[in-house]
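Notes follow the structure.
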Amino acid sequence: MVKEEDRRNYTKIHNLRHLSDMYKLMPLIDWSRFFLAFAPPASHEYLRSDPEILIAEVDYLRRISKLLQSTDPRIVTNYVFMRFSSKWEGEMGEKYEDIKQELDKVVFGQQQKLPRWKYCTQHTMKQMEYATSAIYVKNAFDQASKNVTLELLDDLLGIFRDMLSTSDWMDDQTRAAALEKANQMLPLIAYPDFILDDEMLDQYYDGLEVYENDSYSEMLEKVERWRIDSYFKRLTRPVDRSEFRTFDGTDFSSAVVNAYYTWPTNAISVPAAYLQAPHFHQTFPRSLNYGGLGTVLGHEITHGFDNQGSQLDAVGNLREWWDADVKKKFEDRAQCMISQYGNIKVGRVHSN
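According to our numbering, the sequence shown is numbered sequentially starting from 493.
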């Protein structure tokens with residue numbers, strides 16, 4: 493198993509194998525049958541070609557295979573049923589919701605269920621991110637905020653590039669690669685433009701047919717089937733870094749209050765819902781916007797160069813572009829800051 497301290501090291505969890513290697517690691521499962529069962533027919537030829545796959549935890553698969561062989565089948569069956577029912581607990585009726593709520597109360601301290609309207613809203617947002625984003629942007633977002641944010645981020649990236657250019661601890665080769673990464677950093681701000689075009693949005697959801705007389709569970713199954721099909725289609729397409737997606741590859745939701753850096757695509761994402769008071773408003777003085785949203789954006793920029801982001805190049809490929817001596821200097825300077833702020837106390841508690 494990969495140690496906890498190594499989980500931010502991509503070379504430790506970036507294990508390229510072929511699909512056929514899964515049989516050697518976990519022979520209990522007929523992997524060909526497994527993948528062909530839920531992959532769309534258009535992807536079957538690709539799967540039969542024994543494609544390369546990425547396995548984060550090779551040793552985990554070996555260990556779980558041994559564990560399954562030594563575990564009572566009844567326990568395994570109960571575990572699978574528990575995971576299945578947990579996935580669908582919100583759709584199985586109030587009786588099962590109440591049972592799940594009792595578990596959540598003990599495990600997470602959640603005292604009561606979400607109101608049904610809030611659960612349905614959150615679930616719809618999670619299942620159809622772009623469609624619900626379009627509703628939010630059209631009804632609750634000031635379009636001018638997107639342009640102001642793009643200008644702000646461009647200013648911050650310019651200042652960051654100036655800092656890189658004058659950093660005396662970097663050699664020329666590493667500095668050039670760092671500047672290239674800063675230049676290639678994508679701003680994915682507020683929403684993708686296509687969601688405001690109903691025809692283009694319908695085209696995106698092509699293949700998803702939901703009808704008024706469908707039951708709730710039928711709708712969910714159709715959405716899940718469509719989502720899986722779309723993931724498999726992306727397997728054989730060139731990567732489009734400009735697509736608005738989260739760091740785990742799911743669709744971007746403009747109605748989420750969050751901001752994040754996506755390592756595999758070298759992109760900064762700021763959903764529309766984040767662009768509001770108190771930390772930002774397009775009518776605020778620039779000083780307030782720089783102090784609020786600017787602080788967040790500056791933080792996200794640095795993720796492209798921290799101990800995770802520094803392992804990936806300007807377009808998100810896993811590549812060592814730091815000179816060894818430069819990396820050592822960076823780590824020494826980082827440790828200096830850790831030591832400095834780690835010694836500051838608020839009362840008896842360390843601030844970091």
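Using N, Cα and C, we set each Cβ at its ideal position, and we do this for glycine too.
_Bridge partner(s) assigned by DSSP for Ser761_ = Leu680, Tyr752, per the DSSP bridge assignment.
_Classification of Val629 by the beta-carbon crowding that lies within 10 angstroms, buried from 16 upward_ = Around the Cβ of Val629, a 10 Å sphere holds 16 or more other Cβ atoms; the residue is buried.
*Since His791 is in the alpha helix (DSSP H), which residue starts that stretch and which ends it?*
His791 -> alpha helix (DSSP H) spans 787-795.
*asked:* Pull the bridge partners of Val841 from the DSSP assignment, please.
replied: Paired residues: Val838.
*Is the beta carbon of Ile760 less than 8 Å from the beta carbon of Leu810?*
No. Outside cutoff.
*Tell me, which residues are paired with Leu810 by DSSP?*
Answer is Leu804.
_For Arg733, the first and last residue of its enclosing beta strand (DSSP E)_ = For Arg733, there is no enclosing beta strand (DSSP E), since its DSSP letter is neither H nor E.
*Out of Val762, Gly582, Phe724, Gln803, state which residue places its alpha-carbon closest to the alpha-carbon of Lys605.*
For Lys605, the nearest C-alpha among the options comes from Gly582.
*Whole-angstrom distance between Tyr752 and Gly601, CA atom to CA atom*: Approximately 28 Å, taken between the alpha carbons.
*Please go through the segment 530-575 and give each complete alpha helix (DSSP H) segment of 4 or more residues, from N-terminal end onward.*
Correct list: 536-540, 550-562.
*What is the DSSP secondary structure of His510, counted as helix, strand or coil?*
DSSP places His510 within a strand segment (E or B) once states are collapsed to three.
*asked:* Less than 8 Å between the beta carbons of Gly808 and Thr757, yes or no?
replied: Yes. Within cutoff.
*Taking the DSSP output, what are the residues bridged to Asp798?*
Answer by DSSP bridge pairing: none, since Asp798 is not bridged.
*To the nearest angstrom, report how far apart Tyr697 and Lys820 are at their CA atoms.*
C-alpha separation (whole angstroms): 48 Å.
*Within 10 angstroms of its Cβ, does Met829 collect 16 or more other Cβ (buried), or is it exposed?*
When all chains shown are included, Met829 counts as exposed.
*Since Asp743 sits in a beta bridge, which residues does DSSP pair it with?*
DSSP output for Asp743 lists Arg737 as bridge partner(s).
*For the alpha helix (DSSP H) that Gln619 lies in, which residues bound it at each end?*
Judged by DSSP secondary structure, Gln619 falls within the alpha helix (DSSP H) whose first and last residues are 608-619.
*Is Asp626 helix, strand or coil by DSSP?*
For the sequence presented, residue 626 should be read as Ala rather than Asp. Of the three classes helix, strand and coil, the one that applies to Ala626 here is helix, per DSSP.
*Would you check if the distance between the CB atom of Met493 and the CB atom of Asp564 is smaller than 8 Å?*
Asp564 is positioned such that its CB atom lies no closer than 8 Å to that of Met493.
*Taking Ala636 as part of the alpha helix (DSSP H), name the residues at either end of that continuous run.*
In the DSSP assignment, Ala636 falls within the alpha helix (DSSP H) that extends over 636-657.
_Simplified DSSP assignment, three categories, for Phe633_ = Three-state DSSP puts Phe633 in coil, outside helix and strand.
*In angstroms with no decimal places, state the Cα-to-Cα distance between Leu671 and Glu823.*
If I take the Cα positions, the gap works out to 19 Å.
_Less than 8 Å between the beta carbons of His795 and Gly801, yes or no?_
Yes. Within cutoff.
*Would you report the Cα separation of Asp522 and Val598, rounded to the nearest angstrom?*
Straight-line Cα distance between these residues: approximately 38 Å.
*Flag this pair as yes or no: are the beta carbons of Thr658 and Ser745 separated by less than 8 Å?*
Taking 8 Å as the Cβ cut-off, Thr658 and Ser745 do not qualify as a contacting pair.
*Rounded C-beta distance between Leu528 and Leu553? I'm assuming under 8 Å.*
Not a contact, Cβ separation roughly 20 Å.
*Please list, in chain order, all residues of the same chain as Val748 whose beta carbon is under 8 Å from its beta carbon, the five residues on each side excluded.*
Counting only Cβ-Cβ distances below 8 Å, and skipping sequence neighbours, we find Met617, Pro763, Ala765, Tyr766.
*Residues of its chain near Ser512, where Cβ-Cβ distance is below 7 Å and the 5 sequence neighbours each way are ignored*: Taking Ser512 as the centre and dropping the five residues before and after it, the same chain places the C-beta of Asp542 closer than 7 Å to its C-beta, in chain order.
*Ile591: buried (16+ other C-beta within 10 angstroms of its C-beta) or exposed?*
The residue is exposed, with fewer than 16 neighbouring Cβ atoms inside 10 Å.
*Compare the beta carbon distance of Leu546 and Asn507 with 8 Å and say whether it is the shorter of the two.*
Less than 8 Å divides the Cβ of Leu546 from the Cβ of Asn507.
*Using 8 Å as the threshold, is the segment 524-539 in touch with the segment 718-738, meaning 3 or more CB pairs across them?*
At 8 Å Cβ cutoff, the stretches touch.
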